[in-house]
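Peer 1: Take this structure first; my questions come after.
Protein chains in written order, with my numbering: chain Y, 256 to 370; chain A, -8 to 101.
Structure (structure tokens):
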């Protein structure tokens, strides 16, 4: 079955350390996204990528970095510059621009705790 | 930018109907999505509206009025498993960006 895999499910880090969250999809989707979810707030877009080797900042990109070297993979690095990194991180993908009504497919998320 | 508003919480009885409203103010509009999210899990797609009117899918229906910047999700014959958060999301002129509301937590009671 095709899907999106995020790993690990739970991640703990000390303040000041960079950490990379993995996201892999085998849906052959062109576009991939990273969202952050905090209690009482909607999903906020961190970065997104329309095609390989291209990505754009979302609404809250500061303190994060991404790469898109392969169609299947879109890892997110949470750097020490991110002021409040503890959150639930969701990766998503969708088909390309020509599929105008294509919904986002989400991974099961990674819950990051920084102490 | 996008401004998307939904009620924070709603409670209903098993077997009843609940309507979740979503209002939005956007610089452009290219479709509205509803997602369901159980606690600690990934959101799952429920419905999509791009034209005015009602879309029906089994027990769930979604309505859109573009002129009013308004949508609702109607859940009929509520079941306990429908207890979840329901997210309204609007796609703007940039086809690749979806902006989400804060979500409405629905609690179904026996």
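For every residue, glycine included, the Cβ atom is placed at its ideal position computed from N, Cα and C. The structure displayed is predicted, hence computed values, not measured ones.
Note the first and the last residue of the continuous beta strand (DSSP E) segment covering residue 0 (chain A).
Peer 2: Start and end: 0 to 4.
Peer 1: Just to make sure I have the definition right: I need the residues of chain Y whose C-beta is within less than 8 Å of the C-beta of residue 24 (chain A). Which are they?
Peer 2: Chain Y residues near residue 24 (chain A): 358, 359.
Peer 1: Are the beta-carbon atoms of residue 89 (chain A) and residue -3 (chain A) separated by less than 9 Å?
Peer 2: Contact: no.
Peer 1: Only counting the same chain, and skipping five residues up and downstream in sequence, which positions put a Cβ closer than 6 Å to that of residue 276 (chain Y)?
Peer 2: Hits under 6 Å: 331, 344, 365.
Peer 1: Kindly indicate the opening and closing residues of the beta strand (DSSP E) around residue 369 (chain Y).
Peer 2: Unbroken beta strand (DSSP E) run through residue 369 (chain Y): 365 to 369.
Peer 1: Taking CB distances under 9 Å as the criterion, tell me whether residue 75 (chain A) reaches chain Y.
Peer 2: No, residue 75 (chain A) does not count as interfacial toward chain Y.
Peer 1: Cutting at 7 Å between CB atoms, please list the residues of its own chain near residue -7 (chain A), excluding the five before and the five after it.
Peer 2: For residue -7 (chain A), where only same-chain residues beyond five positions count, the Cβ hits under 7 Å are 15, 17, 81, 83, 90.
Peer 1: So, is the C-beta of residue 90 (chain A) closer than 9 Å to a C-beta in chain Y?
Peer 2: Taking Cβ atoms only, chain Y reaches closer than 9 Å to residue 90 (chain A), which makes this a yes.
Peer 1: Taking a Cβ distance cut-off of 8 Å, strictly less, list which residues of the region 28 to 42 of chain A are near chain Y, in chain order.
Peer 2: Under the 8 Å Cβ criterion, the region 28 to 42 of chain A contributes 31, 32, 33, 34, 35, 36, 39, 41.
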